[in-house]
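2 protein chains.
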Amino acid sequence: MKNYKMIISYDGTKYNGWQRQGNTQNTIQEKFENVISKMCGEKVEIHASGRTDRGVHADGQTANFKCNTDLNCKEIKDYLNHYLPEDILVKSVEEAQLRFHSRLNAVSKTYEYKIATEKPDVFIRKYVFVTDRKFDIEAMQKGADKLLGTHDFKGFSSLGKTKKSTVRTINFISITEENGIISVKINGSGFLYNMVRIIVGTLLDIGEGKLPLSAIDEIFEEKLREKAGATLPACGLKLVEVFY
Amino acid sequence: MKNYKMIISYDGTKYNGWQRQGNTQNTIQEKFENVISKMCGEKVEIHASGRTDRGVHADGQTANFKCNTDLNCKEIKDYLNHYLPEDILVKSVEEAQLRFHSRLNAVSKTYEYKIATEKPDVFIRKYVFVTDRKFDIEAMQKGADKLLGTHDFKGFSSLGKTKKSTVRTINFISITEENGIISVKINGSGFLYNMVRIIVGTLLDIGEGKLPLSAIDEIFEEKLREKAGATLPACGLKLVEVFY
Numbered sequence: 006m007k008n009y010k011m012i013i014s015y016d017g018t019k020y021n022g023w024q025r026q027g028n029t030q031n032t033i034q035e036k037f038e039n040v041i042s043k044m045c046g047e048k049v050e051i052h053a054s055g056r057t058d059r060g061v062h063a064d065g066q067t068a069n070f071k072c073n074t075d076l077n078c079k080e081i082k083d084y085l086n087h088y089l090p091e092d093i094l095v096k097s098v099e100e101a102q103l104r105f106h107s108r109l110n111a112v113s114k115t116y117e118y119k120i121a122t123e124k125p126d127v128f129i130r131k132y133v134f135v136t137d138r139k140f141d142i143e144a145m146q147k148g149a150d151k152l153l154g155t156h157d158f159k160g161f162s163s164l165g166k167t168k169k170s171t172v173r174t175i176n177f178i179s180i181t182e183e184n185g186i187i188s189v190k191i192n193g194s195g196f197l198y199n200m201v202r203i204i205v206g207t208l209l210d211i212g213e214g215k216l217p218l219s220a221i222d223e224i225f226e227e228k229l230r231e232k233a234g235a236t237l238p239a240c241g242l243k244l245v246e247v248f249y
Numbered sequence: 006m007k008n009y010k011m012i013i014s015y016d017g018t019k020y021n022g023w024q025r026q027g028n029t030q031n032t033i034q035e036k037f038e039n040v041i042s043k044m045c046g047e048k049v050e051i052h053a054s055g056r057t058d059r060g061v062h063a064d065g066q067t068a069n070f071k072c073n074t075d076l077n078c079k080e081i082k083d084y085l086n087h088y089l090p091e092d093i094l095v096k097s098v099e100e101a102q103l104r105f106h107s108r109l110n111a112v113s114k115t116y117e118y119k120i121a122t123e124k125p126d127v128f129i130r131k132y133v134f135v136t137d138r139k140f141d142i143e144a145m146q147k148g149a150d151k152l153l154g155t156h157d158f159k160g161f162s163s164l165g166k167t168k169k170s171t172v173r174t175i176n177f178i179s180i181t182e183e184n185g186i187i188s189v190k191i192n193g194s195g196f197l198y199n200m201v202r203i204i205v206g207t208l209l210d211i212g213e214g215k216l217p218l219s220a221i222d223e224i225f226e227e228k229l230r231e232k233a234g235a236t237l238p239a240c241g242l243k244l245v246e247v248f249y
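The listed protein sequences correspond, in order, to chains A and B.
Be aware that the first sequence starts at 6, since it is given in this note's numbering, and climbs by one per residue.
Be aware that the second sequence starts at 6, since it is given in this note's numbering, and climbs by one per residue.
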């Protein structure tokens, strides 16, 4: 029995997110498990660093699975890329220690959210959120700086009631603008449901002058989802890298 | 009456090429003419540097049209981008001299053809031709060098019988390979029907060792389409720049 660690990329446009759950059809996990199980001749489960939601993309998702196979890592990669659909790509396969687990061992993850403030380059149009609102990047970065560190992010999530901890740590948020595309990169210990999309939605409201900077303190204090900005569309979000 | 010159970009995937002709529906020209005619309040014809075929992309197509409008260039650009579909983008609009004509005044054009020799990055997968054949880039470049200059390219085209000249001049062909993507950039005075796709198809056959270098001399001499390589799929082709 060996444990294989993969870096994978996918265009999430037509999938119901990463995770196979209940009757949810057409998940990326399901696509992988079908092909890997066929390759190994037995039912194999695959673990990713975390689920990505319906329509969210990934360029550096990490996942692992255990199985017995005579194929080497290069052959596994080629096999999977041959049988997986064209919108899913295995970028690398390597053998990991048996106790390695993509989700449990993840130290931090970087997401990127892209906003086009004018009609975007046709070749990337499916990977950005398009809006004709105007934003002050400096104000957005000031808001971002207030989010850094360890906080209870409950107000920045779409979670219902939960007994689990909603405390997370954000390590950096960098905001850049180039050729009409605003890129917000966020690295953190972990993210609650819809947390990145709500954080960026809130930063956009601050950048537009619709919310004051102090809104962030209020959301931390009152933990009320409705005080934060909109949950932005999935198409602009991409899981960029997972650190171990 | 003013003459407007535009640089435009489009994802050709779902269009029947640039040119509106006869009963052909869903052309890029038609999309432009509908929106521009609405903007100007009269039927306006638009001229591109040349037609691109069904499924071919453009990043730097040039087109011009004449009309009377009170809008300035920035307003024209914004109007068109607002009403054109998301897979067509106007990158710039400027006023040109009245006698400027996108096709008649074009001095040369650069096309790029992209070939993925392994499963490509999911985010560019619709803009490359994917094959698992293996190619010797140096041999391809030697073949390319034999194509430079002024020749009768009839054998490298899908034209039927024609009385028009099939002599064209190729100024440069540069072939590079990076991350499993071979890029062939061709600049020439003009191109016959399917000429770029057949030239690249022939260079791939040479790079694979399926055709000898001398095949190019033979095709020039005998002018027989069947001696040249396959017409590669449209998805890998992009009109990159038009020079005036």
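Ideal Cβ placement from N, Cα and C applies to all residues, glycine included.
Collapsing the DSSP output to three states places arginine 108 of chain A in coil. By DSSP's assignment, glutamine 66 of chain B forms a beta bridge with B/Ile13.
By the Cβ-count criterion, arginine 173 of chain A is buried, with 16 or more other Cβ atoms from all chains shown falling within 10 Å of its own Cβ. As for any alpha helix (DSSP H) of minimum length 4 sitting wholly inside the region 152-232 of chain A, the runs are 200-212 and 220-227, ordered along the chain.
Residue-level contact by beta carbon fails for phenylalanine 158 of chain A and chain B, as no gap is shorter than 8 Å. Rounded to whole angstroms, lysine 147 of chain B and leucine 218 of chain B show a C-alpha spacing of 8 Å. C-alpha of threonine 122 of chain A to C-alpha of aspartate 137 of chain A: approximately 5 Å in a straight line. Taking the beta carbon of glutamate 246 of chain B as reference, no residue of chain A falls within 7 Å; the closest one sits roughly 15 Å away.
Listed in chain order, the non-local C-beta contacts of threonine 29 of chain A below 6 Å within the same chain comprise Asn21, local neighbours out to five positions each way being set aside. Among the residues facing chain B, arginine 130 of chain A is included, as its CB has a counterpart in that chain under 8 Å away.
Residue state for alanine 53 of chain B is assigned as strand, using DSSP reduced to three classes.
In the three-state scheme derived from DSSP, where H, G and I count as helix and E and B as strand, valine 133 of chain A is classed as coil.
Out of B/Glu227, B/Asn176 and B/Gly214, the CA that lies nearest to the CA of valine 112 of chain B is found in B/Asn176.
Boundaries of the beta strand (DSSP E) harbouring leucine 94 of chain A: 93-101, taken from the DSSP string. As computed with DSSP, cysteine 45 of chain A is found in no beta bridge at all.
Residues of chain B whose Cβ lies closer than 8 Å to the Cβ of serine 54 of chain A do not exist, since the nearest Cβ in that chain is about 18 Å away. Counting of Cβ neighbours within 10 angstroms places glycine 165 of chain B among the exposed residues, the total staying below 16.
Contact annotation: lysine 114 of chain A and serine 97 of chain A have beta-carbon atoms that are not nearer than 8 Å.
When Cβ pairs closer than 8 Å are counted between the two stretches, the region 193-207 of chain B is seen to touch the region 224-237 of chain B, the count reaching three or more.
Between the alpha carbons of lysine 131 of chain A and isoleucine 13 of chain B lies a distance of about 18 Å. The beta carbon of glutamine 24 of chain B lies closer than 7 Å to those of Thr32, Gln34 and Arg56 in the same chain, with the five residues before and after it left out.
Alanine 121 of chain A is bridged by DSSP to A/Val135 and A/Ile186.
In chain order, Val127 make up the part of chain B whose C-beta sits under 8 Å from the C-beta of tyrosine 15 of chain A. For a cut-off of 8 Å, the C-beta gap from tyrosine 88 of chain A to valine 40 of chain A is around 5 Å, short enough to register as a contact. Phenylalanine 248 of chain B is bridged by DSSP to B/Ser113. Note on geometry: alpha-carbon atoms of cysteine 72 of chain A and tyrosine 15 of chain A lie some 23 Å from one another.
DSSP places leucine 85 of chain B within a helical segment (H, G or I) once states are collapsed to three. Counting of Cβ neighbours within 10 angstroms places lysine 43 of chain A among the exposed residues, the total staying below 16. For the pair alanine 144 of chain B and threonine 67 of chain B, the Cα-to-Cα distance works out to about 33 Å. The beta carbon of phenylalanine 134 of chain A is closer than 8 Å to those of Tyr118, Lys119, Ile120, Ala121, Leu237, Pro238, Cys240 and Gly241 in its chain, skipping five residues each way along the sequence. Contact check for isoleucine 221 of chain A and leucine 152 of chain A: beta-carbon distance about 6 Å, within the 8 Å limit, so the pair qualifies.
When the five nearest sequence neighbours on each side are left out, the beta carbons in the same chain lying within less than 6 Å of the beta carbon of phenylalanine 248 of chain B are those of Val112 and Ser113, in order along the chain. Between isoleucine 93 of chain A and phenylalanine 70 of chain A, the beta carbon gap of about 15 Å keeps them out of contact (Cβ cut-off 8 Å). One finds Val127 in chain B with Cβ atoms closer than 8 Å to the Cβ of isoleucine 93 of chain A, taken in chain order. In the structure shown, the three-state DSSP call for asparagine 31 of chain A is coil.
Under the three-state reduction of DSSP, asparagine 77 of chain A is assigned to coil, being neither helix nor strand.
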